[in-house]
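Undergrad: Quick one: the structure is below, and I'll ask about it shortly.
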Amino acid sequence: MAAKTGDRVGPRDTERFFTGGMEQFHHPRRVRNGRGKEYAPTPQRQQLLAGLGGRVLEIGAGDGVKLSCYPASVEEIVLVERDPFLQAAARGIATRIATPVQIIDGGLRRLPVADGSCEAVVCSLVLCCAVLCCAVLCCAVLCCAVPVEETLREVRRVLAPGGELRFYEHQCSGNPVVTLAERLVTPIWSRTYGGCHPGRDILAAMEKAGYVIESVDRFAFRHFEHVLGIARPDAG
């Protein structure tokens, strides 16, 4: 069920305590730099959102502070989040920005958004957690629930013709030895960091799900490789 920002009052001091904000609680990193009223989006978040317009869907609320980073050209932000605390935190920020925000209770298996209704979808440190670990056997993770490919199909469904996926995600290392190490630590890592799979090949998953990657930047953050870029569903 959709819940608009005025329906309930979120924590009044959310922004005060989160200050620069966090992309996601399970991967804490700032979304803004600076002090007081001089806060500005980090270069990564600025690049992620640059040039967006129309109706934009973002999956995962984080602490809500990232809502304040969207450019004025965005006409509406739809935020899908299933955690009640994060929903409330996001409402506290949404009431302070000019862009209309709709916060919807929902998960990754079926995004509660109409077909072809969004000009863009933003995924930030979410696709690495799209699969929930349910068992560990011989250092291999047996997974169930929402495969990342299924989430990407849902993203494709809600995108309008010509729409784009903006992504900022973990990506397995280009070094096979490092990738093996990432996958070996995944069972413990994922339990500690909200189901994150640092050794996942997100770019390959996108291509398998029928996306064309238009641009991508690779960089390391705390020794883990990340990718930030733009992908669109293959028109064919």
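Using our numbering, you'd call the opening residue of the sequence shown number -12 and step up by one each time.
A virtual CB, placed ideally from N, CA and C, is assigned to each residue, including glycine.
(1) Going by beta-carbon coordinates alone, are Glu45 and Val100 separated by less than 7 Å?
(2) Quick one: which unbroken beta strand (DSSP E) runs of 3-plus residues sit fully inside the segment 34 to 94? Chain order, please.
(3) Given that a residue counts as buried once 16 or more other Cβ atoms are within 10 Å of its Cβ, and exposed if not, what is Pro220?
(4) Judging by CA-CA distance, which residue of Ala75, Glu136, Ala107, Gly103 is the nearest neighbour of Leu95?
(5) Determine whether the beta carbon atoms of Glu62 and Ala48 lie at a separation below 7 Å.
(6) So is Ala59 buried or exposed if we call it buried at 16+ other beta carbons inside 10 Å?
(7) Assess contact between the segment 78 to 91 and the segment 145 to 152, defined as three or more Cβ pairs (one per stretch) separated by less than 8 Å. Is contact present?
(8) Under the three-state reduction of DSSP, which class applies to Pro99: helix, strand or coil?
(9) Since Leu112 contacts Glu156 with CB under 8 Å, what's their CB separation in whole angstroms?
(10) In terms of residue numbering, what span does the beta strand (DSSP E) encompassing Ala218 cover?
(11) In or out: Pro71 buried (at least 16 other Cβ within 10 Å) or exposed?
(12) Can you tell me whether DSSP reads Arg17 as helix, strand or coil?
(13) Using the three-state DSSP reduction, which class does Pro30 fall into: helix, strand or coil?
(14) Going by beta carbon distance, what residues of the same chain come within less than 7 Å of Ser202, once the five residues before and after it are set aside?
(15) In terms of DSSP beta bridges, what is Ser104 paired with?
(16) Could you have a look at Val113 and say whether DSSP puts it in helix, strand or coil?
(17) My understanding is that Gly8 touches Val52, with C-beta atoms under 8 Å, so please give their C-beta distance in whole angstroms.
(18) Just to confirm before moving on: does the CB-CB distance between Arg153 and Leu54 stay below 7 Å?
(19) Ala107 and Leu39 - do their beta-carbons sit closer together than 7 Å?
(20) Hey, could you find the ends of the alpha helix (DSSP H) Arg143 is sitting in?
(21) From the DSSP output, which residues share a beta bridge with Lys156?
(22) Under 8 Å by Cβ, that's how I've got Arg187 and Cys159 pegged, so tell me the actual separation to the nearest angstrom.
TA: If we stick to the structure as given:
(1) no
(2) 41 to 46, 61 to 68, 88 to 92
(3) buried
(4) Glu136
(5) no
(6) exposed
(7) no
(8) coil
(9) 6 Å
(10) 211 to 220
(11) exposed
(12) coil
(13) helix
(14) Gly216, Ile217
(15) Note: Ser104 sits in no beta bridge, so no partner.
(16) coil
(17) 3 Å
(18) no
(19) yes
(20) 135 to 145
(21) Reading off the sequence, residue 156 comes out as Glu, not Lys. Paired residue(s): Val214.
(22) 6 Å
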